[in-house]
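Written out below as structure tokens is the structure these notes cover.
In full-length UniProt numbering, the protein residues as written are 1 to 242.
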């Protein structure tokens with residue numbers, strides 16, 4: 001087994017010239033988004049500062065790249081901050097330099113080096129009607145998902161397609177599109193739905209996992225309660241009249 005030591009976030013932030021004050025602001029904002037008490041900010045900062053950047057593998061299946069585009073245009077944090085300061089993004093087709101076999105070698109190397117510790121992110125639904133509907137480097141989406149999920153610590157389904165099947169699953173569903181949770185049933189899964197989803201929701205879930213070594217509380221659809229616990233309509237004074 002190959003051991004790949006990733007730097008702690010504290011060291012990475014110092015190397016990037018990010019001040020302690022800016023880091024604490026980020027922790028305070030994240031704690032607020034996750035509905036954590038103010039007293040949790042210090043714990044969040046300590047845990048994040050001492051944590052090593054988690055290895056992340058991002059699989060794109062039947063999707064339009066809208067989820068990736070949303071993160072590319074995120075400003076809090078920026079994409080650069082996310083992949084250089086908070087996580088080690090070891091596989092993501094849209095933004096990685098490697099291609100073909102080199103890309104697949106990078107994915108498998110990260111899986112072997114961080115067995116049982118890496119996080120698997122997936123966007124796009126998974127076609128099960130025929131393996132040929134969507135393949136990557138000659139491997140069907142179903143096979144790649146199962147291979148990548150086997151030793152993952154947890155899975156985050158990004159966007160409505162990965163979470164629930166989305167548009168590809170619409171009738172008559174010619175590709176037999178299904179959600180990630182329809183295939184993987186033995187791993188903790190978080191569904192961050194949306195078309196596209198909020199980038200800050202993805203970041204907040206990652207930060208929560210880094211801090212508490214588990215995913216945040218979820219609703220009955222496996223979505224983070226902090227972001228999907230209630231609708232804006234629940235707060236409308238006109239709602240009792242409808």
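Each residue gets a CB set at the ideal place from its N, CA and C atoms; glycine is no exception.
Where DSSP assigns a beta bridge to residue i, which residues make up the other side?
i	result
residue 175	Looking at the DSSP assignment, residue 175 forms no beta bridge with any residue, so it has no partner.
residue 162	Residue 162 pairs with nothing; no bridge assigned.
residue 129	For residue 129, which the question treats as bridged, DSSP gives no partner whatsoever.
residue 224	218
Between which two residues does the beta strand (DSSP E) holding residue i run?
i	result
residue 60	55 to 60
residue 189	189 to 192
Once DSSP output is grouped into helix, strand and coil, what is the label at residue i?
i	result
residue 2	Residue placement at residue 2 is poorly supported in this model, since its pLDDT is 38, which falls under 50; the coordinates still yield a value, given next. Residue 2: coil per DSSP, three-state reduction.
residue 135	strand
residue 140	strand
residue 37	coil
residue 153	coil
residue 240	helix
residue 230	coil
residue 27	helix
residue 235	helix
Name the two residues that bound the continuous alpha helix (DSSP H) containing residue i.
i	result
residue 199	199 to 212
residue 215	It is not in any alpha helix (DSSP H) - residue 215 carries neither H nor E in the DSSP assignment.
residue 19	Counting along the chain, residue 19 falls outside any alpha helix (DSSP H), and DSSP gives it neither H nor E.
residue 181	180 to 183
residue 170	Premise fails: residue 170 is in no alpha helix (DSSP H) and is neither H nor E.
> Taking three-plus beta-carbon pairs below 8 Å as touching, is the region 133 to 146 in contact with the region 165 to 183?
Replying inline: yes
> Of all the alpha helix (DSSP H) runs that stay within the bounds of the region 57 to 125, which reach a length of 4 or more residues?
Replying inline: 66 to 72, 100 to 113
>> Can you confirm whether the region 149 to 160 touches the region 114 to 127 when touching is taken to mean that 3 or more C-beta pairs between the two stretches lie within less than 8 Å?
In response: yes
> Is the region 218 to 236 in contact with the region 196 to 209, if contact means three or more CB pairs nearer than 8 Å?
Replying inline: yes
>> I want to know whether the region 157 to 171 touches the region 97 to 106 - three or more CB-CB distances under 8 Å.
In response: no
> Would the region 208 to 217 and the region 51 to 67 be scored as touching if the rule is three or more Cβ pairs under 8 Å?
Replying inline: yes
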